[in-house]
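Reading the sequence shown from the start, the letters are residues 7 to 231 in my numbering.
All C-beta atoms, glycine included, are put in the ideal place defined by N, C-alpha and C.
Please read these numbers as outputs of a predicted model, since none were measured by experiment.
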Amino acid sequence: MPTEKIRADLLRMRDVKYRDFQSRLMPTVPRELVIGVRTPLLRAYARAMQPATAAAFMADLPHRYYEENNLHAFLIEGLGEWQATVKALDRFLPYVDNWATCDMMRPPVLGHDPNAMRTQALFWMQSSHPYTVRYGIEMLMVHGLGRDFSSDDLEAVAAVPCDHPYLCRMVAWYFATALAYYWDETLPYLAPGRLDDDTRRRAITKARESLRLTPEQKQYLRQIR
7 MPTEKIRADL LRMRDVKYRD FQSRLMPTVP RELVIGVRTP LLRAYARAMQ PATAAAFMAD
67 LPHRYYEENN LHAFLIEGLG EWQATVKALD RFLPYVDNWA TCDMMRPPVL GHDPNAMRTQ
127 ALFWMQSSHP YTVRYGIEML MVHGLGRDFS SDDLEAVAAV PCDHPYLCRM VAWYFATALA
187 YYWDETLPYL APGRLDDDTR RRAITKARES LRLTPEQKQY LRQIR
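Okay, structure coming up:
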């Protein structure tokens with residue numbers, strides 16, 4: 007099976023110190039399921055994989071190791087065609103169990119059609135799986151805060167139930183980023199009572215770390231925090 011050879015290859019690339027470092031950042035992933043393969047090596051391995059091998063590996067879900075999930079994410083990034091990418095994401099997202107795998111998976115093709123991207127992101131945000139919802143919000147953040155921005159996205163993200171810690175953090179990250187681009191439209195969402203208190207405070211703290219905001223804006227955020 008291709009997965010067995012791939013797993014053996016990944017184990018040969020193990021960096022124990024890096025594994026220990028990564029494990030501390032991902033409390034939702036058992037340490038024994040982290041091999042410790044550095045991301046540049048994993049990306050290079052994905053690029054070198056033959057299409058038939060990649061297809062067989064991606065069909066063999068669920069994966070065992072954290073790095074196998076990351077490899078799957080990088081293979082999706084390389085598909086390069088909209089429908090194939092979305093289909094692969096729909097199949098894979100329910101198996102994503104940590105913020106790192108979720109956040110590193112950013113296929114460029116999703117940004118080629120803003121309207122289709124928004125529709126798909128909003129669809130993912132209706133999922134009962136927290137990391138699928140997180141991914142939908144992330145795609146709105148990555149691809150929806152440019153010239154095709156819609157203030158409706160702010161309302162959609164604010165309406166997401168904050169019932170998972172890594173989902174709440176994504177909501178905060180989205181609003182902190184949106185604030186740097188669309189201050190006037192976003193600021194009302196950071197008033198008391200609009201978001202839950204922890205998410206609101208986290209968003210303000212993250213926004214104040216932004217290099218895009220003026221000192222005056224940061225001072226105002228400090229006052230309302």
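Asked	Found
On the DSSP letters alone, give me the boundaries of the alpha helix (DSSP H) that R231 sits inside.	No alpha helix (DSSP H) holds R231; DSSP gives it neither H nor E.
Name the one or two DSSP bridge partners that P198 has.	L201
My parser needs the beta strand (DSSP E) runs of 3 or more residues fully inside the segment 98-161; what are they?	none
Closest to I82 by C-alpha separation, out of W105, R49, Y72, would be which residue?	R49
Pick helix, strand or coil for K29, following the three-state DSSP scheme.	It should be noted that the sequence gives Ser, not Lys, for residue 29. If DSSP states are grouped into helix, strand and coil, S29 belongs with the helices.
For Y187, which residues of its own chain have a beta-carbon under 6 Å away from its beta-carbon, when the five flanking residues on both sides are left out?	L151
I need the straight-line Cα distance from R207 to A61, nearest angstrom please.	43 Å
Would you report the Cα separation of R70 and E191, rounded to the nearest angstrom?	43 Å
Taking only the alpha-carbon atoms, compute the straight-line gap between M55 and G142 and give it to the nearest angstrom.	28 Å
Span of the alpha helix (DSSP H) holding I82?	72-83
D21 lies in the alpha helix (DSSP H); which residues open and close that run?	Neither: D21 is in no alpha helix (DSSP H) and is coded neither H nor E.
Once DSSP output is grouped into helix, strand and coil, what is the label at E38?	helix
For the segment 79-97 against the segment 118-127, are there 3 or more C-beta pairs whose distance is under 8 Å?	yes
Suppose the cutoff is 8 Å on Cβ atoms and the five residues either side in sequence are ignored; what does the same chain contact list for Q225 look like?	none
Could you tell me if V22 is buried or exposed, where buried requires 16 or more neighbouring beta carbons within 10 angstroms of its beta carbon?	exposed
Please state if the CB of A106 and the CB of L77 are separated by a distance shorter than 8 Å.	no
Does the separation of the CB atoms of M131 and A79 fall below 8 Å?	no
In this structure, does DSSP put M64 in helix, strand or coil?	helix
Using the C-alpha atoms, what's the distance from Q223 back to T138?	32 Å
In its own chain, which residues sit with a C-beta less than 7 Å from the C-beta of P100, not counting the 5 before and 5 after it?	H135, T138
Need the endpoints of the alpha helix (DSSP H) that C174 sits in, please.	171-187
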